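A.B. asks: Quick one: the structure is below, questions incoming.
In my numbering, the protein residues as written are 615 to 985.
Following this line, the structure appears as structure tokens:
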């Protein structure tokens with residue numbers, strides 16, 4: 615494969631959703647690949663083993679392996695998985711994590727996030743896989759410092775890191791918390807200057823003060839996009855972070871501003887990668903907010919000379935009832951910006967956006983086309 619050759623794998627090769635969409639099962643761009651949310655569905659879009667988290671986890675783990683095989687990546691290429699699941703209790707969650715480790719390896723960074731529900735009755739899990747071609751099994755690193763935990767997999771081009779802050783950690787305004795975060799990141803060979811994308815989650819009822827330190831450090835792009843979900847163990851705040859390590863000189867830009875149509879937009883470029891995140895501030899319904907956020911993302915894409923055909927991964931978090939009709943309504947707006955084969959896409963419910971009146975936040979990650 616050429617260094618930056620694109621591969622797309624259609625949904626029909628494995629399973630399908632009951633809603634028409636212009637997205638792909640997997641997108642591989644050079645050495646890096648992203649999956650769509652892998653769901654326990656059959657070839658007709660029916661939920662497999664409804665209500666059984668263990669059986670669905672085994673099924674989805676096989677789907678991840680099959681998806682990577684289809685773009686000539688072995689299971690050992692998996693660097694990070696984000697497991698969105700419905701929390702049925704500690705025993706089931708432990709079994710889920712054990713199955714994923716057994717199927718995909720102990721070296722994979724696993725980020726489990728408990729969500730309220732899925733749009734198909736009986737569905738309990740959905741997994742995003744992020745992978746990179748490697749000569750050897752990836753080495754998973756872990757660093758700790760007084761209630762702060764960093765776990766990650768560092769590759770030649772990309773570093774995938776989770777940053778967790780325990781419930782009992784507070785930010786007193788001193789630089790100690792920021793300094794500890796900086797030191798931990800340096801041990802992974804990255805810093806906030808290398809950050810490409812960030813997704814942040816909080817547990818219910820936690821001290822939000824550390825978010826200010828994360829924002830000062832340049833690791834939290836938009837407090838309003840922080841979503842409430844169920845977090846593992848004692849975690850109060852958790853960040854899913856992607857850093858770009860390629861190139862001897864780290865270059866790029868960050869744009870943080872409010873769009874004139876009532877949307878907040880965040881833009882980053884690092885190396886050959888770009889990332890944009892958008893959400894409406896408040897008011898209107900889910901579809902109207904989706905339209906405003908996508909319009910803001912589109913304006914930035916056009917302004918920077920980027921095309922939606924270069925997007926590799928789309929992630930959407932939103933509030934609502936979780937019905938198929940609701941999913942279809944906001945997907946119809948988003949779908950209008952893409953043509954097949956399209957990016958890998960994941961969209962799902964969260965409990966709330968506790969620091970904003972937004973109903974939806976979405977982001978796109980892609981690569982520039984090199985001449």
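Backbone N, C-alpha and C fix where the C-beta goes; we use that ideal spot for every residue, glycine too.
The model shown is predicted, which means the values in this text are computed figures rather than measured ones.
#1: Judging by CA-CA distance, which residue of 760, 791, 933 and 680 is the nearest neighbour of residue 970?
#2: Going by C-alpha distance, which of 660, 669, 962 and 758 is nearest residue 849?
#3: Less than 8 angstroms separating the beta-carbons of residue 729 and residue 695?
#4: Pairs of beta-carbons, one from the stretch 773–787 and one from the stretch 841–858, closer than 8 angstroms: are there three or more?
#5: Please state the DSSP three-state secondary structure of residue 967.
#6: According to DSSP, is residue 832 part of a helix, a strand, or is it coil?
#7: Quick one: what's residue 1004 bridged to in DSSP?
#8: CA-CA distance, residue 957 and residue 640?
#9: Short of 6 angstroms in beta carbon distance, which residues of its chain neighbour residue 658, apart from the five on each side in sequence? Order them along the chain.
#10: Three or more C-beta pairs under 8 angstroms: does that hold for the stretch 643–657 against the stretch 949–963?
#11: Rounded to whole angstroms, what's the CA-CA distance from residue 903 to residue 921? Just pull it up for me.
#12: Quick check: the Cα distance between residue 924 and residue 953, rounded to an integer number of angstroms?
#13: Does the beta-carbon distance from residue 557 to residue 830 come in below 8 angstroms?
#14: Going by Cα to Cα distance, which pick from 747, 738 and 854 is closest to residue 668?
#15: Straight-line CA distance for residue 863 to residue 683?
#16: Kindly provide the ranges of any beta strand (DSSP E) runs that are 3 or more residues long and lie completely inside the stretch 751–791, ordered along the chain.
#17: Please classify residue 704: is it buried, with 16 or more other beta-carbons within 10 angstroms of its beta-carbon, or exposed?
#18: Would residue 841 and residue 964 qualify as a contact pair, given that the criterion is a beta-carbon distance under 8 angstroms?
#19: Quick one: using the 10 Å Cβ neighbour count with 16 as the cut-off for buried, is residue 939 buried or exposed?
#20: Within this structure, are the beta carbons of residue 972 and residue 838 separated by less than 8 angstroms?
#21: Which full runs of the alpha helix (DSSP H) of 4+ residues lie inside the stretch 654–694, going along the chain?
C.D. replies: The short version:
#1: Locating residue 970 in the chain shown gives position 356, counting from the first residue. Of the listed residues, the one whose Cα sits closest to residue 970 is 933.
#2: To locate residue 849, count along the chain shown from 1; it is residue 235. Residue 849 has its Cα closest to that of 758, out of 660, 669, 962 and 758.
#3: Working through the chain shown from its first residue, we reach residue 729 at position 115. Working through the chain shown from its first residue, we reach residue 695 at position 81. Contact: no.
#4: yes
#5: Taking the chain shown and counting its residues from 1, the one referred to as residue 967 is at position 353. In the structure shown, residue 967 sits in coil (DSSP, three-state: anything other than H, G, I, E or B).
#6: As a working note, residue 832 is residue 218 in the chain shown. Residue 832 falls in the coil class under three-state DSSP.
#7: Since the first and last residues shown for the chain are 615 and 985, residue 1004 lies out of range.
#8: Working through the chain shown from its first residue, we reach residue 957 at position 343. Working through the chain shown from its first residue, we reach residue 640 at position 26. If I take the Cα positions, the gap works out to 8 angstroms.
#9: If you number the chain shown from 1, residue 658 lands on position 44. Once the five neighbours on either side are set aside, residue 658 has no close Cβ partner at all.
#10: yes
#11: As a working note, residue 903 is residue 289 in the chain shown. As a working note, residue 921 is residue 307 in the chain shown. Cα to Cα, residue 903 sits roughly 22 angstroms from residue 921.
#12: On the chain shown, position 310 is the one that residue 924 refers to. On the chain shown, position 339 is the one that residue 953 refers to. Computed Cα separation, rounded: 11 angstroms.
#13: In the structure as shown, the chain starts at 615 and stops at 985, and residue 557 therefore has no counterpart that could be examined.
#14: On the chain shown, residue 668 is found 54 positions in, with the first residue counted as 1. Nearest C-alpha to residue 668: 738.
#15: Your numbering for residue 863 matches position 249 in the chain shown. Your numbering for residue 683 matches position 69 in the chain shown. Below a pLDDT of 50, predicted positions are generally treated as unreliable, and residue 863, at 44, falls in that range; the measurement from the model is reported next regardless. Rounded to whole angstroms, residue 863 to residue 683 spans 33 angstroms at the Cα level.
#16: 754–759, 762–768 and 772–780
#17: Here residue 704 corresponds to residue number 90 of the chain shown, with the count starting at 1. The residue in question, residue 704, is exposed, as its Cβ has fewer than 16 Cβ neighbours within 10 Å.
#18: Counted from its first residue, the chain shown places residue 841 at position 227. Counted from its first residue, the chain shown places residue 964 at position 350. Contact: yes.
#19: Your numbering for residue 939 matches position 325 in the chain shown. Exposed, because fewer than 16 other Cβ atoms sit within 10 Å of the Cβ of residue 939.
#20: Position 358 of the chain shown, counted from the start, is the residue given in the question as residue 972. Position 224 of the chain shown, counted from the start, is the residue given in the question as residue 838. The answer is yes: Cβ separation under 8 angstroms.
#21: 667–683
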